[in-house]
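Undergrad: The opening residue of the sequence shown carries number 135 in the numbering used here; numbering runs sequentially from there.
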Amino acid sequence: MSVSESSEPSAATDDKSFPIVVLISGSGSNLQAIIDSSSDPESSINIRAVISNNPGAYGLERASGAGIRGSVVNHRDYLNRSSYDLALMAEIDSHQPELVVLAGFMRILTSEFVNHYSGRLINIHPSLLPLYPGLKTHQQAIENGDLEAGATVHFVTPEVDEGPIIIQAAVPVFKTDSSNDLASRVLQQEHLIYPKAIRWFAQGRLTVQNGNVLLDGKQSSKQQVSFNEK
Ligand code: GRF
């Protein structure tokens, strides 16, 4: 058995009409921000399921705590990336989401998977893309003496950490920062911009034109966050 359920399904309400599925691998602090934001009565977001490749992901406990169905599709149960992604797609599609949200899902996805969800698959990455795709983004920003760092929400295309940018948040990098200091400053902003991007998508306010994301028909800009003190 490769797909296992870890909690009962949530009771969907009629006004929560926009179904999403969230994919995680670890702590799920972004998932928590999405859960919190979706509990706003004004929000139409219905988190139909949280799926993890990692049975030990703390995010599954967050899902269960919020009464959201959690399931595990463990990559260790599959021979190769392609068969894993097919099983993951089947599990996702069983929940019929209009949007698939990668929230710290630490797997490289096949182009078959990405194309299947074309235009309705988004990711958050802890850098100001196109700077620093991949891992150790905060360390690289510090080592390069960057004055600012940040996070990016983007549509997913087959190339890793590329794809049209929906929103970015920038924070300052201080001289004394460790990579953990910077990571936690960036993460705070992730928790603000990811629910916002999901809300925009659900409201039908995002379009992509020539590789650029438009919000209400206009180019959206980086969200600059200022700090008065370290
Ligand atoms: C975040 O930094 C996100 O940008 C990256 O993975 C991390 C996930 O953190 N893709 P969490 O599991 O949401 O706490």
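Beta carbons are placed, not taken as given, at the ideal position from N, Cα and C, and that holds for glycine.
Hey, quick one: how far does the alpha helix (DSSP H) through residue 331 stretch, first residue to last?
TA: The residue you call residue 331 lines up with position 197 of the sequence shown. 313-336 is the extent of the alpha helix (DSSP H) around residue 331.
Undergrad: Candidates 250, 263, 244, 229: which alpha carbon is nearest residue 183's?
TA: Here residue 183 is taken as the residue at index 49 of the sequence shown, counted from 1. When only C-alpha atoms are compared, the closest one is 229.
Undergrad: Given that a residue counts as buried once 16 or more other Cβ atoms are within 10 Å of its Cβ, and exposed if not, what is residue 314?
TA: Locating residue 314 in the sequence shown gives position 180, counting from the first residue. By the neighbour-count rule (16 or more Cβ atoms within 10 Å), residue 314 is not buried but exposed.
Undergrad: Assign residue 135 to one of three DSSP states: helix, strand, or coil.
TA: For the purposes of this step, residue 135 is identified with residue 1 of the sequence shown, where counting begins at 1. Low confidence applies to residue 135: its pLDDT is 32, below 50, so where it sits in the model is not reliable, and the reading given next is rough at best. Coil at residue 135, not helix or strand.
Undergrad: With a threshold of 7 Å (Cβ to nearest heavy atom), would residue 321 be considered close to the ligand GRF?
TA: Locating residue 321 in the sequence shown gives position 187, counting from the first residue. The answer is yes for residue 321.
Undergrad: What is the DSSP secondary structure of residue 259, counted as helix, strand or coil?
TA: Reading the sequence shown from its first residue, position 125 is the one you call residue 259. Note: residue 259 maps to strand in three-state DSSP.
Undergrad: Excluding the five sequence neighbours on either side, which residues of its own chain have a C-beta within less than 6 Å of the C-beta of residue 324, listed in chain order?
TA: Position 190 of the sequence shown holds residue 324. Same-chain partners within the cutoff: 164, 258, 285.
Undergrad: Please decide whether residue 273 counts as near chain D, where near means a Cβ-Cβ distance under 8 Å.
TA: No chain D appears in this structure, which consists of one protein chain only.
Undergrad: Assuming residue 96 contacts residue 307 (C-beta within less than 8 Å), just tell me the rounded distance between them.
TA: Absent from the model: residue 96. The displayed extent of the chain is 135 to 364, so no value can be given.
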